[in-house]
Ligand SMILES: Cc1cc2nc3c(=O)[nH]c(=O)nc-3n(C[C@H](O)[C@H](O)[C@H](O)COP(=O)(O)OP(=O)(O)OC[C@H]3O[C@@H](n4cnc5c(N)ncnc54)[C@H](O)[C@@H]3O)c2cc1C
């Protein structure tokens, strides 16, 4: 007999899979030996009551063995070395998954990445933290693995309609991610484990006969008779193919400028901007789990907050329990912050972006910049933060309680941000339509999470790269650019995804669209 059932267990029990059969057997009033196979389906934290529990849903085979093998199999990647080439620009989640999908379907990816391979990239990242120097081709956003590599590696997404999320997770598992991501309701990998997974994906592409080039920034697109013919890198190398998947991420501002120069249509879209808030993790644990210190078998507590303030959403974004805040600038003269954590999520801090939704109408004063108004808006605030922080990668910061009162902090609490923080009036640095909504939101968040609005918490400026302010428009069915045949705008930079999983899904979808037309 096959049965799907969910039970609640203590956090300790949940960490001991060898005891799961007994726990299910106990609930079903049967001998554990009658459960011939247990296939865990989903694990989630239930913190609604004072006694925090783990809910485990599983498929049980009672008195019978499963008829088919339940394990996820590694996909087959055939030799594509002599097949039709497809250019993929950008080796972030969208580009990597596009490349793997092309191989699966018998096409040869030529993956071109401006940054370094995932190992070499580490030195440039250390340099930002230590020496305040940003390499414009190799940083937290650029390089093999894209912006998702030196990140938290949170893998949850709301965009389940865009494709098969489980398939994305299975590919990650077959390249070294822990199998737990297949059942956790909030799966995450951690920045300590992501580089090896990205390296394994590279090896799969190379083993199948795909090509990968690092340190090659694409600087030109060659168009002939309304069709894309080739792309060229800064060293003058030319790459020809009938189709180009452009997955360059939302920080590749030079790519937007290139497309505009070439007369390739772009359009403005809404985006979000704000600050990154950091609290002591123990405080967040005590609010979310009703206890401090938390049960040692529970993960660092996450949170998710959203309010409507004067017609705009203000929401938490990319929340990193047990994480650190990192400098995510891609050029000199800008301070951009983001968050990440390692697999154990064991830092004493909890951080999250707190951002305000911005519509193109909010920045009408920049209309002279056309589709670039949002970029110009981001750029001005990022530069103001850089100046406020002493023209370094330090970040301007303020205690949350001072921010809501509109006063500069006389001192600051400890913070995880390695380049350091400097007290500054973020309520004045951010435009009033953003800072006013953030001030109100912090007060309202405290109603959902008592203690969230506190002098112990600090905010850093600026969280400006949550989403792209530009869309590269494409046909909804063919996914091809509306004006240029053979160009497939893909992933977050094209404005069609946000986050690792949805970008990976978009990569899969674009590759399938290319296969449909060009194989
Ligand atoms: C610090 C940090 C933490 C994050 N944490 C999470 C998280 O926990 N969970 C989550 O879901 N999301 C997270 N994100 C967001 C996530 O990383 C992005 O949504 C995702 O990486 C977007 O994927 P993409 O492939 O579309 O673009 P990207 O990842 O931005 O990749 C684009 C790639 O294109 C390359 N490129 C750009 N221009 C050129 C050019 N001219 N020529 C050649 N190559 C070029 C870049 O170097 C880059 O490697 C985080 C982001 C950051 C910065």
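In my numbering, the protein residues as written are 151 to 669.
Glycine is no exception: its CB is placed at the ideal position from the N, C-alpha and C atoms.
Here the structure is a predicted model, which means the values were calculated and not measured.
Check	Outcome
For the alpha helix (DSSP H) containing residue 258, name the first residue and the last one.	From DSSP, residue 258 is part of no alpha helix (DSSP H) but of the beta strand (DSSP E) over 258-262.
The alpha helix (DSSP H) with residue 583 in it runs from where to where?	582-598
Could you please give me the residues that DSSP links to residue 209 through a beta bridge?	154, 189
Taking only the alpha-carbon atoms, compute the straight-line gap between residue 232 and residue 411 and give it to the nearest angstrom.	34 Å
Looking at residue 300 and ligand 1, is the gap between the Cβ and the nearest heavy atom below 7 Å?	yes
Between residue 411 and ligand 1, is the CB less than 7 Å from at least one heavy atom?	no
Quick one: what's got a C-beta closer than 6 Å to residue 234's C-beta in the same chain, skipping five residues either side?	257
Report whether the distance from the Cβ of residue 362 to the nearest heavy atom of ligand 1 is below 7 Å.	no
Can at least three beta-carbon pairs, one atom from the region 562-575 and one from the region 459-474, be found at a separation below 8 Å?	yes
Can you tell me which of the three DSSP states residue 317 falls into?	helix
Just the C-alpha distance for residue 425 and residue 533, rounded to the nearest angstrom, thanks.	14 Å
Under 6 Å Cβ to Cβ from residue 447, same chain only, skipping five residues before and after it: list those, please.	161, 162, 165
With H, G and I counted as helix, E and B as strand and the rest as coil, what does DSSP make of residue 574?	coil
Mind checking whether residue 381 and residue 239 have CB atoms under 8 Å apart?	yes
Taking the beta carbon of residue 564 as the centre, do at least 16 other beta carbons fall within 10 Å, making it buried, or is it exposed?	exposed
Should residue 351 be counted as a contact of ligand 1 given a C-beta to heavy atom distance under 7 Å?	no
Within this structure, are the beta carbons of residue 657 and residue 246 separated by less than 8 Å?	yes
Would you call residue 500 buried or exposed, if buried means 16 or more other Cβ atoms sit within 10 Å of its Cβ?	buried
Once you ignore the five residues that flank residue 327 on each side, which residues in its own chain have a CB closer than 6 Å to its CB?	339, 347
Which residues share a DSSP beta bridge with residue 462?	459
Could you say which of 634, 196, 607 lies nearest to residue 375 if we only look at CA atoms?	634
Is residue 304 close to ligand 1? I mean its beta-carbon at under 7 Å from any heavy atom of the ligand.	yes
Given that a residue counts as buried once 16 or more other Cβ atoms are within 10 Å of its Cβ, and exposed if not, what is residue 461?	exposed
Between 360, 312, 303, 509, which has its C-alpha nearest residue 343's C-alpha?	303
How many angstroms separate the CA atom of residue 595 from the CA atom of residue 455?	7 Å
Using C-beta distances below 7 Å, list every residue in its chain close to residue 398, excluding the 5 sequence neighbours before and after it, in chain order.	239, 240, 405, 643
Cβ of residue 395 within 8 Å of Cβ of residue 661?	yes
Are three or more beta carbon pairs between the region 483-493 and the region 612-627 nearer than 8 Å?	yes
List the residues that DSSP assigns as beta-bridge partners of residue 224.	Answer by DSSP bridge pairing: none, since residue 224 is not bridged.
Tell me whether the region 279-297 and the region 311-323 touch, counting them as touching only if at least three CB pairs, one residue from each stretch, are closer than 8 Å.	no
Along the beta strand (DSSP E) that carries residue 387, what are the first and last residues, could you check?	Premise fails: residue 387 is in no beta strand (DSSP E) and is neither H nor E.
Whole angstroms are fine: how far does the CA of residue 492 sit from the CA of residue 590?	32 Å
Please go through the same chain and pick out, in chain order, the residues whose beta-carbon is closer than 6 Å to the beta-carbon of residue 207, but skip the five residues on each side of it.	156, 191, 192
Does ligand 1 have a heavy atom nearer than 7 Å to the CB of residue 614?	no
Considering Cα atoms alone, identify which of 547, 370, 527 is closest to residue 378.	370
Return yes when the Cβ of residue 151 is within less than 8 Å of the Cβ of residue 716, no when it is not.	Absent from the structure is residue 716, since the part of the chain shown begins at 151 and ends at 669.
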